[in-house]
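Below is one structure, written out as structure tokens; comments come after it.
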Amino acid sequence: MSDRNKILEKVERRIRGIPGVVDMVFLDNEFKENIIALEKKAEENGAVGGLMPFTNKGVWEALSRHVSFIMIINKISIPEVASDHTIYLVDQKGQILGEYVSKERLMEFKDREDVCFLSDDFVLYSDVEIVGEPYFLIPEIEFHGLDGIEGITRVTSGSISTLSDFFVRCTKGYLESKHWTHLVGFDIAADHL
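Position in the sequence shown counted from 1, then plus 2, gives you the working numbering.
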């Protein structure tokens, strides 16, 4: 068995052993192409009912790795997926114009004069000079579920769109469930290929 196959076997054992993970699928070329097409469609549709463009950097980074897989999870959260991920409003220069604020971080923004609350959980920064058309950015999400597996590098993850989530749950037989999905990608070190 090749090093690559041994690594994939270890990854699958590790992921399936995480409490709350009910299934996983490594993305072969066809499955990956379906996810790419659906993610492009989601971005074309835009955010906020189509009013704002968005880029899902976490998904694109995870899909760009040597290996990508999707987990199907039946819990609200699992510790392997960082829970402090956010959504940013950025401009063409990459400046953060606003961001989603979790309940845990809400108090640090309450008395700031450079902040305007767009909603209960989204702030805009009033002191940033906007360059170009703003868009929403969904960043990469830290994923620690593969920590310590030899031969794996550049692990990242992202939240797939509702279009991709629906496709995955249909394909894997979880359509009627309240399960959620999460995309993970990683590279295999050159000396393990």
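Idealized CB from N, CA, C, for every residue including glycine.
Cβ-based burial, residue i [other Cβ within 10 Å; buried from 16]
i: Met-73; result: buried
i: Ile-132; result: exposed
i: Arg-171; result: buried
i: Asn-58; result: buried
i: Val-157; result: buried
i: Ser-104; result: exposed
i: Val-23; result: buried
i: Leu-139; result: buried
Rounded separation between residue i and residue j - CA only
i: Ile-17; j: Leu-91; result: 32 Å
i: Asp-197; j: Leu-108; result: Lying outside 3 to 195, the shown extent of the chain, residue 197 is not represented and no answer is given.
i: Trp-182; j: Asp-25; result: 11 Å
i: Gly-175; j: Ile-75; result: 13 Å
i: Phe-168; j: Asn-36; result: 12 Å
i: Gly-19; j: Gly-147; result: 10 Å
i: Glu-14; j: Gly-48; result: 34 Å
i: Leu-120; j: Ser-4; result: 53 Å
i: Asp-93; j: Lys-8; result: 43 Å
i: Val-186; j: Phe-145; result: 8 Å
i: Leu-99; j: Arg-67; result: 29 Å
i: Lys-34; j: Pro-141; result: 20 Å
i: Thr-155; j: Leu-53; result: 37 Å
i: Val-50; j: Glu-135; result: 15 Å
i: His-184; j: Glu-32; result: 18 Å
i: Asp-113; j: Phe-71; result: 42 Å
i: Lys-95; j: Thr-173; result: 39 Å
i: Pro-21; j: Lys-77; result: 8 Å
Assumed close pair residue i, residue j - CB separation to whole angstroms, cut-off 8 Å
i: Pro-55; j: Tyr-127; result: Actually they do not touch by this definition, with Cβ atoms about 19 Å apart.
i: Ile-143; j: Ser-166; result: 15 Å between Cβ atoms; not a contact.
i: Phe-28; j: Val-61; result: Rounded, the Cβ-Cβ distance is 16 Å, inconsistent with contact.
Same chain, Cβ closer than 7 Å to residue i, five either side skipped, listed in chain order
i: Tyr-102; result: Thr-88, Ile-89, Asp-123 and Phe-124
i: Gly-153; result: Asp-5, Ile-9, Ile-190, Ala-191 and His-194
Cut-off 6 Å between Cβ atoms - residues of its own chain near residue i, not counting five sequence neighbours on either side
i: Ile-151; result: Lys-12
i: Leu-177; result: Arg-171
Cutoff 8 Å; reference residue i; Cβ partners in own chain excluding five residues on either side
i: Val-117; result: Phe-111, Val-125, Leu-126, Tyr-127 and Ser-128
i: Glu-41; result: Asn-58, Val-61, Trp-62, Leu-65, Ile-162, Ser-163, Leu-165 and Ser-166
i: Ala-44; result: Asn-58, Ser-163, Thr-164, Leu-165 and Ser-166
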